[in-house]
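Numbering (my numbering), first residue to last: 48 to 452.
Some notes on the structure that comes next.
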Ligand code: PMP
């Protein structure tokens, strides 16, 4: 059992008022708040230990390099990858997907090939593949969702063809909260010889993630959505792919030898880490992962499930409120519309009552098109949220309905 009131004290930002009301932060899908230990780590690094990694032989550079490589090992353990050199640091999920789309695409995708996505992908897992298809003369195919917001997996066997080069799927939908059966998807794709990229941006912080058990070929996520700093993310790739794929950026640190005639690239992981990396961000991310490990992901998942059940039941008390995403396996994301009220009007009024939610298409326009809507109001809960905050959301919505009807 987690002591939520004690945990909230670890997140200094939560303890404030907006417009004279206590802040109720329900926009964790967009970004999460940072525990004090992450903030303190970053301050200490800049204060006492900062120097560029893999460069100098001097004391500060050596200890920063040690912390950076230890951070890589922490990430490896957190996602259960086989090797630390399969962990590449990037700027975030978007840059990880772009890296794979470019590098994997350069090597393996030809005119007439197909990339298979799903209808519930975030734009970050659509646009880079579309750009690849445009460059190569390939095309996108899409696994549809059903009314509950689950993937129609029965279509998979016919959607995968001999031209499919890669399947990209989100672990958890950022709009619906649906937890996709990624292990099963990987199994089916691999039966057809198709590699799979899993977008873990909304999954890693809410589900126990084991890339070895999942057997995915690539797994990507962002530090800022898992209580770590912004500007840092991870690309996990199986060694066999990363070894074969070309670097997508050239520069310092990713080389063994440079002459004007030819460059010999570094071994993994540095081959994919050109230039000065966000090493402070990587160390901050590792601190956040340690923090989560200490709380226990099982405990976090249990509390978030309780919050989801409670908040779902309470929201149903609002007349004409419709929830989008009703899978039996979902994270604590509640996307909804109320009658014909505009999502942004509801969001603006919630803000005035201290409640931070996200409104709009949530960077998933094709999914909104599927439902024939322009967007939703999205309340995304995490382990530092409380049932009292769900009550405040409900009461605020009832007031807003009164006001706008
Ligand atoms: N994929 C999903 C499922 C997301 O929710 C997000 C962020 N909303 C992204 C990708 C992109 O993440 P980032 O902006 O951190 O690169």
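Where a beta carbon is used, it is the ideal one built from N, C-alpha and C, also for glycine.
CB contact below 7 angstroms: residue 430 versus chain D:
Considering every chain present, this structure includes no chain D. It has just one protein chain.
For residue 20, which residues in the same chain have their Cβ closer than 7 angstroms to its Cβ, ignoring the five residues on either side in sequence?
With the chain running from 48 to 452 in the structure shown, residue 20 is simply not present.
Classify residue 437 as buried or exposed, calling it buried when 16 or more other Cβ atoms lie within 10 Å of its own Cβ.
buried
When every heavy atom of the ligand PMP is checked, does at least one fall within less than 6 angstroms of the C-beta of residue 221?
yes
Could you tell me which of 250, 123 and 155 sits nearest to residue 259, measuring between CA atoms?
Measuring from the Cα of residue 259, the nearest candidate turns out to be 123.
Taking C-alpha atoms, which residue in 445, 143, 192 and 60 lies nearest to residue 247?
143
Kindly indicate the opening and closing residues of the beta strand (DSSP E) around residue 161.
161-165
With DSSP as the reference, label residue 69 as helix, strand or coil.
Strand at residue 69.
Validate contact between the segment 330-340 and the segment 407-414 using beta carbons, cut 8 angstroms, 3 pairs:
no
The ligand PMP heavy atom lying under 6 angstroms from the CB of residue 246:
yes
In angstroms, rounded to a whole number, what distance separates the CA positions of residue 51 and residue 448?
30 angstroms
Tell me which residue opens and which closes the alpha helix (DSSP H) that residue 394 is part of.
390-399
Is the beta carbon of residue 196 less than 7 angstroms from the beta carbon of residue 223?
yes
Distance CB(residue 350)-CB(residue 49) smaller than 7 angstroms
A contact, by the Cβ cut-off of 7 angstroms.
What first and last residue would you give for the alpha helix (DSSP H) that runs through residue 152?
140-155
Within the present structure, is the beta-carbon of residue 171 separated from the nearest heavy atom of the ligand PMP by less than 6 angstroms?
yes
Measuring alpha carbon to alpha carbon, tell me which of 147, 212 and 276 ends up nearest residue 88.
276
Residue 66 to residue 404, Cα distance in whole Å?
Each residue's alpha carbon lies about 15 angstroms from the other.
Residue interval of the beta strand (DSSP E) (run including residue 136)
134-137
Among 216, 378, 113 and 187, nearest to residue 266 - alpha-carbon criterion:
216
Taking residue 213 and residue 244 to be in contact with their CB atoms under 8 angstroms, please state how far apart those CB atoms are, rounded to whole angstroms.
6 angstroms
Assess contact between the segment 280-295 and the segment 117-134, defined as three or more Cβ pairs (one per stretch) separated by less than 8 angstroms. Is contact present?
yes
Quick check on residue 64: does DSSP put it in helix, strand or coil?
Reduced to three states, the DSSP call for residue 64 is strand.
Using CA atoms only, rank isn't needed, just tell me which of 421, 249, 341 and 208 is closest to residue 387.
421
If you count every other CB in all the chains shown that lies within 10 Å of the CB of residue 105, and 16 or more means buried, which is it?
With fewer than 16 other Cβ atoms inside 10 Å of its own Cβ, residue 105 counts as exposed.
C-beta atoms of residue 401 and residue 71 nearer than 7 angstroms
Taking 7 angstroms as the Cβ cut-off, residue 401 and residue 71 qualify as a contacting pair.
Residue 98 - DSSP class collapsed to helix/strand/coil
coil
Proximity test, residue 269 beta-carbon vs the ligand PMP heavy atom, cut-off 6 angstroms:
Checking the Cβ of residue 269 against the ligand PMP gives yes.
Less than 7 angstroms between the C-beta atoms of residue 268 and residue 140, yes or no?
yes
Classification of residue 307 by the beta-carbon crowding that lies within 10 angstroms, buried from 16 upward:
exposed
Other residues of its chain near residue 102: CB distance less than 7 angstroms, five sequence neighbours each side excluded:
108
Beta strand (DSSP E) containing residue 246: first to last residue?
243-246
Per DSSP, what are the beta-bridge partners of residue 403 in this structure?
Answer by DSSP bridge pairing, in chain order: 72.
Measure the beta-carbon distance from residue 294 to residue 321 and round it to whole angstroms, keeping in mind my assumption that it falls under 8 angstroms.
That pair is a contact at about 7 angstroms.
Neighbourhood of residue 348 by C-beta distance below 8 angstroms, restricted to the same chain and skipping five residues each side:
253, 254 and 255
Kindly indicate the opening and closing residues of the beta strand (DSSP E) around residue 190.
186-190
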